[in-house]
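Sequence order for the protein chains is L and G.
Heads up: the first sequence begins at 1136 in this note's numbering, then just goes up one per residue.
Heads up: the second sequence begins at 17 in this note's numbering, then just goes up one per residue.
Even for Gly, the Cβ is constructed at its ideal location relative to N, Cα and C.
Here's the structure, in structure tokens; my notes come after.
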Amino acid sequence: MSDLDQSIAEWRRRMLAAGIKTPVPLVELENHLREDMDHLRSSGMPDAQAFEIAVTRLGKSGSMQTEFKKIGRMPSDFVGLMSFIWIGTTIWIALVLSGRLLSGKLSFLLFAHIFSLSAGYLTVFLTGAFGIGYVCCRWFRVSSPIRIQSLSRAVFQFSRLSAGLVVAGLLLGMFWSEENRGRYLTGDPREIGALCVAIWLMAMWLIQQFSQASNRIIMLLCIGGSMNVSLAWFGTGALAHGHGMTTFWPLDVLLGVHFLFLAMGFAPANETAKA
Amino acid sequence: MIRKELVAASAEPLILSLLSRGESYGYAIIQEVKARSGGKLQWTDGMLYPVLHRMERRGLIKSHWAESETGRKRKYYSIKEDGKRAHKKHREQWSLVHSVLAGLQKEQYV
């Protein structure tokens, strides 16, 4: 082993001792060190001096480790958990509907309509949960730009998906209605509910795409979207089963919880994150 | 030499700005910033990597390993859509600060 390789091996040991243990940063730092040394040596500098200068330029291992530690753990635990629940529920809906399709209780068009709309509604609930997560982060002072960024990214992607699914579900429902009832729109409360949700989601998509709305506004709109779906899905379902919207208590509880988080989101207190 | 607070604050916009021109790797980013600032804007080389990793974690940039012309493996970074949006925001904010400072300076000489 040459002197230079020994020096680099010693530098690696110092880095590992300082706590830079993850392989990626250390390999990257070593590559940087070697690039800088190559550059210095190409101008005629002796190996030992090039090594010393490159190590000094790279900086102290302790301060580097402090900076790496600030990156911290993945903030997407909550996003990951909620997405996992969402995937599980979507698969469950698909399986239940497939059973009904195979037994001939549903036509393929009706199956596609119910699945698209249910998956779309579920996705809106997911973005609502992200909105509630954001409000909690802000309220309990556990916000960090990385956590907020992770939630915003998830909301951006899932709200586009939900808009696509709901619009597709609505269109499929209209085709089914035309085929079976002779009209694209029949004025059914569930149909009107789906239309309201689709309009809400399209408006949200436009806001996300073309306006400079803050994360806070987007997250509160997600909670609003979730309330909208509660009414469109369970509210109209309650009406169809002869309940009044105000006498169906699970819906009241669901809306109450949403209102609570919406109010917390509007409150100016405990603002710590870069919203 | 530029104060370290300003160097730290400008790191992210500068990295995004450089990466918006095409993918690059740590050593080249540092050399480019050094050259463009005439050596006045100097990062401690090792401090660039935690910043790059944090930006990657936030979804602003992405990376991949590739072999350099010398056969050594390099980690190349490139900008993502979120990064482009953040870059635009940074540019607006820094332009605003610049225009306020320029306006105040102009007033001093009127």
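Best match in G:R107, G:A24, G:V49 and G:S33 for proximity to G:I95 [C-alpha to C-alpha]: To locate residue 95 of chain G, count along the second sequence from 1; it is residue 79. Checked all of G:R107, G:A24, G:V49 and G:S33; the closest Cα to G:I95 is G:S33.
Beta carbon proximity, L:E1187 to chain G, threshold 8 Å: The count along the first sequence starts at 1 and reaches residue 1187 of chain L at position 52. At a cut-off of 8 Å between beta-carbon atoms, L:E1187 makes no contact with chain G.
Span separating the alpha-carbon of L:M1209 from that of G:R73: As a first step, residue 1209 of chain L must be located in the first sequence, where it is residue number 74. As a first step, residue 73 of chain G must be located in the second sequence, where it is residue number 57. The predicted position of L:M1209 is uncertain, since its pLDDT is 45 and thus under 50; no value can be drawn from it.
Separation of L:N1350 from G:L112, as counted between CA atoms: If you number the second sequence from 1, residue 112 of chain G lands on position 96. If you number the first sequence from 1, residue 1350 of chain L lands on position 215. Computed Cα separation, rounded: 21 Å.
Closer than 9 Å at the beta carbon, the chain G residues around L:E1145: Along the first sequence, read from residue 1 onward, the residue named residue 1145 of chain L stands at position 10. Neighbours of L:E1145 in chain G, taken as residues at a C-beta separation under 9 Å, are lacking, since the least C-beta distance is about 17 Å.
L:T1258 to G:P29 span [Cα, whole Å]: Counted from its first residue, the first sequence places residue 1258 of chain L at position 123. Counted from its first residue, the second sequence places residue 29 of chain G at position 13. Rounded to whole angstroms, the separation of the alpha carbons of G:P29 and L:T1258 is 34 Å.
Within-8 Å CB hit, L:G1194 to chain G: On the first sequence, residue 1194 of chain L is found 59 positions in, with the first residue counted as 1. Chain G contact via Cβ: present.
Which of helix, strand or coil DSSP assigns to G:R90: As a position in the second sequence, residue 90 of chain G is number 74, starting the count at 1. For G:R90, the three-state secondary structure derived from DSSP is strand.
L:I1358 vs L:F1396 beta-carbon contact at 8 Å: Here residue 1358 of chain L refers to the residue found at position 223 of the first sequence. Here residue 1396 of chain L refers to the residue found at position 261 of the first sequence. Taking 8 Å as the Cβ cut-off, L:I1358 and L:F1396 qualify as a contacting pair.
Classification of G:A25 by the beta-carbon crowding that lies within 10 angstroms, buried from 16 upward: Here residue 25 of chain G refers to the residue found at position 9 of the second sequence. Label assigned to G:A25: exposed.
One or two residues paired with G:K78 in a DSSP bridge: In the second sequence, the residue the question calls residue 78 of chain G occupies position 62. Bridge partners of G:K78: G:S94.
L:L1175 versus L:V1190: straight-line alpha-carbon distance, rounded: As a first step, residue 1175 of chain L is located in the first sequence; it is residue number 40 there, counting from the start. As a first step, residue 1190 of chain L is located in the first sequence; it is residue number 55 there, counting from the start. About 12 Å.
Proximal residues to L:Q1200 (C-beta, below 6 Å), its chain only, five neighbours per side dropped: Here residue 1200 of chain L refers to the residue found at position 65 of the first sequence. So the qualifying residues of the chain are A1153, G1154 and I1155.
Whole-angstrom distance between L:I1188 and G:Q58, CA atom to CA atom: Working through the second sequence from its first residue, we reach residue 58 of chain G at position 42. Working through the first sequence from its first residue, we reach residue 1188 of chain L at position 53. When the Cα atoms are used, G:Q58 and L:I1188 turn out to be separated by approximately 15 Å.
Paired residues, beta bridge with G:Y41 - DSSP: Locating residue 41 of chain G in the second sequence gives position 25, counting from the first residue. G:Y41 pairs with G:Y92.
Secondary structure of L:E1163, DSSP reduced to three states: Reading the first sequence from its first residue, position 28 is the one you call residue 1163 of chain L. Helix at L:E1163.
Start and end residues, alpha helix (DSSP H) containing L:Y1319: As a working mapping, residue 1319 of chain L is identified with position 184 in the first sequence. Segment: none, L:Y1319 is in no alpha helix (DSSP H) and carries neither H nor E.
Environment of G:Y143 [buried if 16+ CB atoms lie within 10 Å]: In this structure chain G extends from 17 to 126, so residue 143 of chain G is not present and cannot be described.
Nearest candidate by alpha-carbon position, reference G:W81, set L:E1163, L:F1219 and L:D1182: As a position in the second sequence, residue 81 of chain G is number 65, starting the count at 1. Distances from the CA of G:W81 to each of L:E1163, L:F1219 and L:D1182 were compared; the closest alpha carbon is that of L:E1163.
Contact residues within the region 21 to 45 of chain G, judged by C-beta distance below 9 Å to chain L: Those would be Y41, G42, Y43 and A44, in chain order.
Length at least 4, wholly inside the region 1333 to 1409 of chain L: the alpha helix (DSSP H) runs in chain order: Taken in chain order, the whole alpha helix (DSSP H) runs of length 4 or more contained in the region 1333 to 1409 of chain L are 1350 to 1365, 1371 to 1375 and 1384 to 1401.
Unbroken alpha helix (DSSP H) run spanning L:F1265, endpoints: Position 130 of the first sequence, counted from the start, is the residue given in the question as residue 1265 of chain L. Here the alpha helix (DSSP H) through L:F1265 covers F1243 to W1274.
Beta-carbon proximity of L:F1260 to L:V1290, cut-off 8 Å: Walking along the first sequence from the start, residue 1260 of chain L turns up at place 125. Walking along the first sequence from the start, residue 1290 of chain L turns up at place 155. Result no, Cβ atoms of L:F1260 and L:V1290 do not sit closer than 8 Å.
L:H1167 vs L:L1193 beta-carbon contact at 8 Å: Your numbering for residue 1167 of chain L matches position 32 in the first sequence. Your numbering for residue 1193 of chain L matches position 58 in the first sequence. For L:H1167 and L:L1193, yes; Cβs fall inside 8 Å.
L:T1225 - containing alpha helix (DSSP H), residue span: Within the first sequence, the letter at position 90 stands for residue 1225 of chain L. In the DSSP annotation of this structure, the continuous segment of the alpha helix (DSSP H) that includes L:T1225 starts and ends at D1212 to L1237.
For L:L1236 and L:F1246, believed in contact at Cβ under 8 Å, the rounded distance: The residue labelled residue 1246 of chain L in the question sits at position 111 within the first sequence. The residue labelled residue 1236 of chain L in the question sits at position 101 within the first sequence. Rounded, the Cβ-Cβ distance is 4 Å, consistent with contact.
Contact between the region 1334 to 1347 of chain L and the region 1368 to 1387 of chain L (3+ Cβ pairs under 8 Å): Judged by Cβ distances under 8 Å, the region 1334 to 1347 of chain L makes no contact with the region 1368 to 1387 of chain L, as fewer than three pairs qualify.
Residues that G:R107 contacts on chain L, provided the C-beta gap is smaller than 8 Å: Here the question's residue 107 of chain G lines up with position 91 in the second sequence. Simply none; closest approach about 14 Å.
Element boundaries [alpha helix (DSSP H), containing L:K1195]: Looking up residue 1195 of chain L in the first sequence gives position 60. That residue, L:K1195, is in no alpha helix (DSSP H); it is neither H nor E in DSSP.
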